[in-house]
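Peer 1: For the sequence shown, our numbering begins at -12 and goes up steadily by one.
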Amino acid sequence: MTGPTADPNTHPPVVEWGDRHPAKAHLRTQVWQTLRDSGAALRNPVGHIPHFVGADAAAAQLAALPGWQQARVVKCNPDRPQTPVRLRALQDGKRLYMAVPRLTRHQCFVELDPADLQHRGIPLKQVAAMRQALIHGRLVSFDEMQPIDLVVVGSVAATTAGGRTGKGAGFADLELAMLQQFNLLKPDTQIVTTIHPLQLVDAAQLPVEPHDWPLDWVITPEGAIATHHIFPKPTGINWAAVQPDQYRKIPILRALREERLADQESE
-12 MTGPTADPNT
-2 HPPVVEWGDR
8 HPAKAHLRTQ
18 VWQTLRDSGA
28 ALRNPVGHIP
38 HFVGADAAAA
48 QLAALPGWQQ
58 ARVVKCNPDR
68 PQTPVRLRAL
78 QDGKRLYMAV
88 PRLTRHQCFV
98 ELDPADLQHR
108 GIPLKQVAAM
118 RQALIHGRLV
128 SFDEMQPIDL
138 VVVGSVAATT
148 AGGRTGKGAG
158 FADLELAMLQ
168 QFNLLKPDTQ
178 IVTTIHPLQL
188 VDAAQLPVEP
198 HDWPLDWVIT
208 PEGAIATHHI
218 FPKPTGINWA
228 AVQPDQYRKI
238 PILRALREER
248 LADQESE
């Protein structure tokens, strides 16, 4: 995935659809700069979910959790730092769902079935990479998906109280809201992230807003942190917050809005 390369010391990168929370935008700029200055980022982190030193170890820490071991169906973001998570899911025999980047297709998720991949002779390590997943996986609609046991999201920053922020475009929260809308998240579905310790920030720096999905676990290469958050999870899509550009660029949002409007007219 490509992203902005602006120097965070000058102007924050422009986020698609805009960033409506200046404090979060400032925090992201700080975290990107810290990761870059410390050498903890494996490439320029600005504008990205940062690919960090120790991503493999963080995936191993996640795999040690009982919630991971019990999960049969996992949803994971497509970003590079979570490639080890996607590989571990496939190696552990889990059905894996990955969002199509930027949700640009009506069938906006890719399904990876490790048994099917092995039957076709496709190496799991190869298909854990986002581009190969898009080639070898099966595009699915919400109606074709199975309920999800555990969700892995990418983060720029997170807190031990359950707050998180991504790049500012809102994809992760929107994906989760749509999954909730289709009853694909269980009451006990856990939301987790894998990050570098330098991405951990104070809870006061990262407020949790009504549309935000709080984290149940924050995983670093050094260990797993249970957040024990007290924030309610959203109940579905916040239609009032959807922006015009999102309707234009995300086909499934247009379809869901048209269906919703038709239902309202028939009442």
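Quick reminder that beta carbons are idealized off the backbone N, C-alpha and C, glycines included.
For my contact list, threonine 147 and isoleucine 182 are in at a C-beta cut-off of 8 Å; report their separation, rounded to the angstrom.
Peer 2: Going by Cβ atoms, the distance from threonine 147 to isoleucine 182 rounds to 11 Å, so no, they are not a contact pair.
Peer 1: Do you know offhand how far proline 194's Cα is from valine 33's?
Peer 2: 21 Å
Peer 1: Work out the CA separation of threonine 91 and tyrosine 234 for me, nearest whole Å.
Peer 2: Rounded to whole angstroms, the gap between the alpha carbons of tyrosine 234 and threonine 91 is 11 Å.
Peer 1: Taking just the CA atoms, how far does leucine 99 sit from tryptophan 226?
Peer 2: 30 Å
Peer 1: Measuring CB atoms only, is the region 157 to 173 touching the region 102 to 116, in the sense that at least three cross pairs come out at less than 8 Å?
Peer 2: no
Peer 1: The ligand ZN and leucine 83: does the residue's C-beta get closer than 7 Å to at least one heavy atom of that ligand?
Peer 2: The ligand ZN is absent from the structure shown, which contains no ligand whatsoever.
Peer 1: Could you have a look at isoleucine 206 and say whether DSSP puts it in helix, strand or coil?
Peer 2: strand
Peer 1: Which of helix, strand or coil does DSSP assign to glutamate 196?
Peer 2: coil
Peer 1: Name the two residues that bound the continuous alpha helix (DSSP H) containing proline 9.
Peer 2: Here the alpha helix (DSSP H) through proline 9 covers 9 to 25.
Peer 1: Since lysine 112 is in the alpha helix (DSSP H), which residue starts that stretch and which ends it?
Peer 2: Bounds of the alpha helix (DSSP H) holding lysine 112 are 111 to 114.
Peer 1: Give every residue of the same chain whose Cβ lies closer than 7 Å to the Cβ of alanine 145, excluding the five residues on either side of it in the sequence, and list them in chain order.
Peer 2: Arg151, Thr180, Ile182, Gln186, Leu187, Leu202, Val205
Peer 1: On a Cα-Cα basis, can you pick out the residue from Pro101, Thr214, Pro65, His8 that is closest to isoleucine 178?
Peer 2: Thr214
Peer 1: Rounded to whole angstroms, what is the Cα-Cα separation between valine 2 and glutamine 113?
Peer 2: Any answer about valine 2 is weak, because its pLDDT of 49 lies below 50 and its placement is not dependable; what the coordinates show is given next. The alpha-carbon atoms of valine 2 and glutamine 113 are separated by roughly 30 Å.
Peer 1: If you draw a straight line from the C-alpha of glutamine 20 to the C-alpha of leucine 14, how long is it?
Peer 2: 10 Å
Peer 1: Classify aspartate 175: buried if its beta carbon has 16 or more other beta carbons within 10 angstroms, exposed otherwise.
Peer 2: exposed
Peer 1: Taking buried to mean at least 16 other C-beta atoms within 10 Å of its own C-beta, is aspartate 66 buried or exposed?
Peer 2: By the neighbour-count rule (16 or more Cβ atoms within 10 Å), aspartate 66 is buried.
Peer 1: Looking only at C-alpha atoms, which of Lys154, Gln94, Lys62, Leu248 sits nearest to histidine 8?
Peer 2: Lys154
Peer 1: Excluding the 5 residues preceding and the 5 following valine 87 in the sequence, name in chain order all residues of the same chain whose CB lies nearer than 6 Å to its CB.
Peer 2: Cys95
Peer 1: Is it right to say lysine 173 is buried, meaning 16 or more other beta carbons lie within 10 angstroms of its own, or is it exposed?
Peer 2: exposed
Peer 1: Can the beta-carbon of histidine 127 be found less than 8 Å from the beta-carbon of asparagine 64?
Peer 2: In the sequence as displayed, the identity of residue 127 is valine instead of histidine. Cβ distance not < 8 Å, so valine 127 and asparagine 64 don't count as in contact.
Peer 1: Just checking my contact of leucine 121 with leucine 74 at CB under 8 Å: how many whole Å lie between their CB atoms?
Peer 2: That pair is no contact at about 16 Å.
Peer 1: Using C-beta distances below 6 Å, list every residue in its chain close to aspartate 130, excluding the 5 sequence neighbours before and after it, in chain order.
Peer 2: none
Peer 1: At what residue ranges does the region 84 to 129 contain a whole run of the alpha helix (DSSP H), taking only runs of 4 or more?
Peer 2: 101 to 106, 111 to 114, 117 to 123
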